[in-house]
Amino acid sequence: SFRTGRARYKLVPEGEGRELDMPAARCRQMIAYAVSKTNNADKEVWDIVDPAEHDEYRLKEKEEKRRQKHRGQESASTPNNNSNQRSRGSRRQEPWEEAAARVMKKLLRRKNAWPFLEPVDVVSLNIPDYLQVVTNPMDLSTVKDKLRGGKYSSFEEWRADVLLTFENAILYNPSGNPVNEMAVEMKAIAIDDCHKEEAKVVVETPRTNLASFGTPQSVDDSTVSSPAPSSAGPSSSTSTAAYCGAGGGLGG
């Protein structure tokens, strides 16, 4: 016999010389319970139980079976739940939603997108005046989540939040601040990508499916330029704090 946490015994054919010959005085009756039975005796697993421990063993065995049954019921119900979730979440996307998702993916991959990925934490960044200047915070992660959750009713509504993310950063960060410059660049890229996707969808999609896409709007170049610092915004002496704030997603 050998031990690996509990006693195990291997049955060997009589006459091989590996069996143990024990005098009757040293033997006692035990109860064997199959844990894992196979066609190969060498791979079978049995529990050898002392009769005095029989009742305790049976109670533990019943409890383990009950737990296994409970786990089996949970695992059996999981696919149905997932199936229901997939069914609810597998709503066919509108053409404008697919276009918005493509633009969103491109924007998030831009090297200068990092200041606008998450909401601004005004406490940890120590910029208490941020919410006084930026009255409607927005960030790309929030936009992405709203798009996935079906919170937008049109391409125009989604695009407005994307541009708001960058406009907030332009408003709060003074002209010449690195984040202000990145926001101007990202806004121009977003506008250009949106126009390209709009044109593509209009060409490829039947008119009856464009109701929620929104009317493409021309954007004057002046909307892309950096505005003059607002008197309500921080002065150039606070540009460092503004820049640190952008690290937390200044568009947020």
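Everything in the sequence shown is counted per my numbering, starting at 3 for the first residue and increasing by one.
Positions of the beta carbon are idealized from the N, C-alpha and C atoms, including for glycine.
message: On the criterion of 16 or more Cβ atoms from any shown chain inside 10 Å, does Glu66 qualify as buried, or is it exposed?
response: For the purposes of this step, residue 66 is taken as the residue at position 64 of the sequence shown. Answer is exposed; the Cβ neighbour count stays below 16.
- request: Using DSSP bridges, identify the partner residues of Ile33.
  value: Counted from its first residue, the sequence shown places residue 33 at position 31. DSSP, once it has assigned bridges, lists Val51 as partnering Ile33.
- prompt: Got a sec, what are the start and stop residues for the alpha helix (DSSP H) Ser143 sits in?
  reply: For this step, residue 143 is matched to residue 141 along the sequence shown. Note, Ser143: alpha helix (DSSP H), 142-150.
- request: Please look up how many angstroms separate the CB atoms of Ala101 and Val181, rounded, as I've assumed it's under 8 angstroms.
  value: Residue 101 sits at position 99 when you count from the first residue of the sequence shown. Residue 181 sits at position 179 when you count from the first residue of the sequence shown. 28 angstroms between Cβ atoms; not a contact.
- prompt: Are the beta-carbon atoms belonging to Leu149 and Leu110 less than 8 angstroms from one another?
  reply: For the purposes of this step, residue 149 is taken as residue 147 along the sequence shown, with counting starting at 1. For the purposes of this step, residue 110 is taken as residue 108 along the sequence shown, with counting starting at 1. No. Outside cutoff.
field: Cut-off 8 angstroms between Cβ atoms - residues of its own chain near Asn138, not counting five sequence neighbours on either side
entry: Residue mapping note: residue 138 aligns to position 136 of the sequence shown, counting from 1. Only Leu166, Asn170 meet the Cβ criterion.
field: For Tyr154, the three-state DSSP class (helix, strand or coil)
entry: To locate residue 154, count along the sequence shown from 1; it is residue 152. Three-state DSSP puts Tyr154 in coil, outside helix and strand.
- request: Could you check the C-alpha separation between Glu158 and Val186 for me, to the nearest Å?
  value: Reading the sequence shown from its first residue, position 156 is the one you call residue 158. Reading the sequence shown from its first residue, position 184 is the one you call residue 186. Between Glu158 and Val186, the C-alpha separation is close to 20 angstroms.
task: With a threshold of 16 other CB atoms inside 10 Å of the CB of Val164, please say whether the residue is buried or exposed.
output: Translated into the one-based positions of the sequence shown, residue 164 becomes position 162. By the 10 Å Cβ count, Val164 comes out buried.
- request: Output the boundary residues of the alpha helix (DSSP H) element that contains Pro97.
  value: Looking up residue 97 in the sequence shown gives position 95. Pro97 -> alpha helix (DSSP H) spans 97-111.
task: Answer yes if the segment 54-69 comes into contact with the segment 103-122, meaning at least three C-beta pairs across the two stretches below 8 angstroms, and no otherwise.
output: no
- prompt: Taking the C-alpha atoms as reference points, what is the distance between Ala201 and Asn114?
  reply: Sequence index remark: in the sequence shown, residue 201 carries index 199 (1-based). Sequence index remark: in the sequence shown, residue 114 carries index 112 (1-based). If I take the Cα positions, the gap works out to 25 angstroms.
field: For Thr144 and Lys153, the rounded distance between their alpha carbons
entry: Here residue 153 corresponds to residue number 151 of the sequence shown, with the count starting at 1. Here residue 144 corresponds to residue number 142 of the sequence shown, with the count starting at 1. Their Cα atoms are separated by approximately 11 angstroms.
- request: Let me know if Ile50 comes out buried or exposed under the rule of 16 or more other beta-carbons within 10 Å of its beta-carbon.
  value: Translated into positions along the sequence shown, residue 50 becomes position 48. Burial call: exposed.
query: Could you give the distance in angstroms between the alpha-carbon of Trp184 and the alpha-carbon of Trp98?
result: As a first step, residue 184 is located in the sequence shown; it is residue number 182 there, counting from the start. As a first step, residue 98 is located in the sequence shown; it is residue number 96 there, counting from the start. It should be noted that the sequence gives Met, not Trp, for residue 184. Using only the alpha carbons, I get a separation of about 26 angstroms.
Where Thr137 falls: helix, strand or coil (DSSP): In the sequence shown, residue 137 corresponds to position 135, counting from 1. Thr137: coil per DSSP, three-state reduction.
task: Could you say which of Val125, Pro176, Val105 lies nearest to Ala190 if we only look at CA atoms?
output: The count along the sequence shown starts at 1 and reaches residue 190 at position 188. The candidate whose alpha carbon is nearest that of Ala190 is Val105.
query: Under three-state DSSP, which class holds Asp194?
result: Position 192 of the sequence shown holds residue 194. Helix, per DSSP.
message: Using a Cβ-Cβ cutoff of less than 8 angstroms, which residues in the same chain neighbour Gln95 once the five nearest sequence positions on both sides are dropped?
response: What you label residue 95 is simply residue 93 of the sequence shown in a count that begins at 1. Here the set comprises Ala103.
message: Counting C-beta neighbours from all protein chains within 10 Å, is the total for Val125 16 or more, i.e. buried, or is it exposed?
response: Working through the sequence shown from its first residue, we reach residue 125 at position 123. So Val125 ends up on the exposed side.
message: So, for Gln31: in the same chain, excluding its five sequence neighbours on each side, which residues have a beta-carbon less than 8 angstroms away from its beta-carbon?
response: What you label residue 31 is simply residue 29 of the sequence shown in a count that begins at 1. Only Pro53 meet the Cβ criterion.
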